[in-house]
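Chains A and B, in that order, give the protein sequences. Going letter by letter, the first sequence gives residues 160 to 263 in our numbering. Going letter by letter, the second sequence gives residues 36 to 310 in our numbering. Glycine included, each C-beta is placed from N, C-alpha and C at the ideal position. Quantities reported herein were computed from a predicted structural model and do not represent experimental measurements.
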Amino acid sequence: MFKTYRNLWIALLLLIVLSPLGLLATGTAFGEWGMDELIDEVGFIPQGLAKTADLWQHAILPDYSISGLTATFSQSAVGYIVSAVVGVLLVAGIMALFGKGLKD
Amino acid sequence: MKAVPVSCRRSLLHGFFNVICLRGLYIFINRGGIYMHIPDGYLAPQAAAPLVAVMVPVWAVAVKKVQNSLKKREVPVLAAGAAFSFVIMMFNLPIPGGSSAHAVGAVLLAILLGPWAACLGVSVALIIQALLFGDGGILAIGANCFNIGVVMPFVGYYVYRLLKGRAAAVSGRGLLAAFIGAYIGLNVAALTTAIMFGSQYHLFRAADGTPLYFMYPIKVAVAAMMAEHLTLAGPVEGIVTLLGLAFVGKNYPELVSEGRTIKISNPEAGVTGNV
Chain A
160 MFKTYRNLWI
170 ALLLLIVLSP
180 LGLLATGTAF
190 GEWGMDELID
200 EVGFIPQGLA
210 KTADLWQHAI
220 LPDYSISGLT
230 ATFSQSAVGY
240 IVSAVVGVLL
250 VAGIMALFGK
260 GLKD
Chain B
36 MKAVPVSCRR
46 SLLHGFFNVI
56 CLRGLYIFIN
66 RGGIYMHIPD
76 GYLAPQAAAP
86 LVAVMVPVWA
96 VAVKKVQNSL
106 KKREVPVLAA
116 GAAFSFVIMM
126 FNLPIPGGSS
136 AHAVGAVLLA
146 ILLGPWAACL
156 GVSVALIIQA
166 LLFGDGGILA
176 IGANCFNIGV
186 VMPFVGYYVY
196 RLLKGRAAAV
206 SGRGLLAAFI
216 GAYIGLNVAA
226 LTTAIMFGSQ
236 YHLFRAADGT
246 PLYFMYPIKV
256 AVAAMMAEHL
266 TLAGPVEGIV
276 TLLGLAFVGK
286 NYPELVSEGR
296 TIKISNPEAG
306 VTGNV
């Protein structure tokens, strides 16, 4: 898995280590607003949105962070790197499993 | 009220919404921008659910196509490529004014492994993002996989193929084609996303006339989305795709050679062996 295309994995590792750079963008993107921000910016909360916005409560690393570990930049950076590792392993793992039955 | 853009004039009639319309544009551009990951709550369930239903057969076809065309030794490339798409989406680039943009990598995957493989890889990345990290909605998975996992790689791939012609992938023309393919792929996907967002405003209203889900007209959604993606996110995607293709081509020329899909007996043939 890692031998043939070693440099691809090294590049991925580098991106994981550098990922906290992605935290430098501070604006809350539209759609990531909390309900109070919606009131502030839009003036009202659409009724359907209020009902369906929090459909999913099981994100284990919400917003690529570890709950309770977001006070400082370095804490957020740890959460971000952990998220990157978990995500990369899972996504690559699923694709590898999918490719198990393939032939040359 | 003199400065109301043309796109908002019709909603002026609605009195109440004229203010929202202006504020919508302002907010999108100045308050963090609008992303292509649709969260839950912004599409009506009756719009989001059918898109999941649309994606199921698309995934089924993608699985079949990839099983038939991908070689076992290319599986690590698919795994690393999908993981790359996941991690590159974490790189939010700060843009002056509080907005941000990030690349997706879908067109790079399509250039390296074909659009169907890109569809699978990006879809898996998007589903993991939604389930584990709350990035993009659960019910919106169909919409997000359609825009980012189908529209983007297919449009980008065919624009790339068209512009590249018979040139090698890692050549001036090939790399330029990759840049433009990625730029256009991302922007067409941004457009379909904006149409999905904005159409909710026109389709779904409460009894008192207020929007039930996405709260701005389609023109505002398209204007805000395209302003950002044509100027910022598009060029970023183009550069990431160009650099990624150059990196892969330099390290593993056999992956970018044209004869790749036909069985290559000598994998060292590389870029020059693609006639």
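Discussion item. Short of 7 Å in beta carbon distance, which residues of its chain neighbour B:S120, apart from the five on each side in sequence? Order them along the chain.
Written reply: Within the same chain, B:S120 has close Cβ partners V139, G140, A141, L144, G156, V157 and A160.
Worksheet entry | Where A:V247 meets chain B, residues with beta-carbon distance less than 7 Å | A118, F121 and V122
Discussion item. Rounded to the nearest angstrom, what separates B:M250 and A:G181 at their Cα positions?
Written reply: 28 Å
Discussion item. Please report the straight-line C-alpha distance between B:V291 and B:P150, rounded to a whole angstrom.
Written reply: When the Cα atoms are used, B:V291 and B:P150 turn out to be separated by approximately 14 Å.
Worksheet item: Name the DSSP beta bridge partners of B:A136, please?
Response: B:L128
Worksheet item: Using CA coordinates, which residue listed in A:K259, A:W168 and A:Y223 is at the minimum distance from A:S242?
Response: A:Y223
Discussion item. I'd like the span of the alpha helix (DSSP H) that includes B:I219, first residue to last.
Written reply: G207 to L238
Worksheet item: Can you name the residues that DSSP bridges to B:P246?
Response: B:R240
Item to complete: Let me know if B:V283 comes out buried or exposed under the rule of 16 or more other beta-carbons within 10 Å of its beta-carbon.
Response: The residue in question, B:V283, is buried, as its Cβ has 16 or more Cβ neighbours within 10 Å.
Worksheet entry | B:F181: contacting residues in chain E (beta-carbon distance under 9 Å) | The structure shown contains no chain E; its protein chains are A and B.
Fill in: Close beta carbons around A:L177, own chain, < 7 Å, minus the five adjacent residues each side
none
Worksheet item: What residue does the alpha helix (DSSP H) around B:V96 start on, and which one ends it?
Response: For B:V96, the uninterrupted alpha helix (DSSP H) run begins and ends at P80 to S104, by DSSP.
Worksheet item: According to a CB-to-CB cut-off of less than 9 Å, which residues of the stretch 81-113 of chain B neighbour chain A?
Response: Taking a C-beta cut-off of 9 Å against chain A, the contacting residues of the stretch 81-113 of chain B are A83, V98, V101, Q102, L105, K106, K107, R108, E109, V110, P111, V112 and L113, listed in chain order.
Item to complete: Would you verify that the beta carbon of B:L226 is, or is not, closer than 8 Å to some beta carbon of chain A?
Response: no
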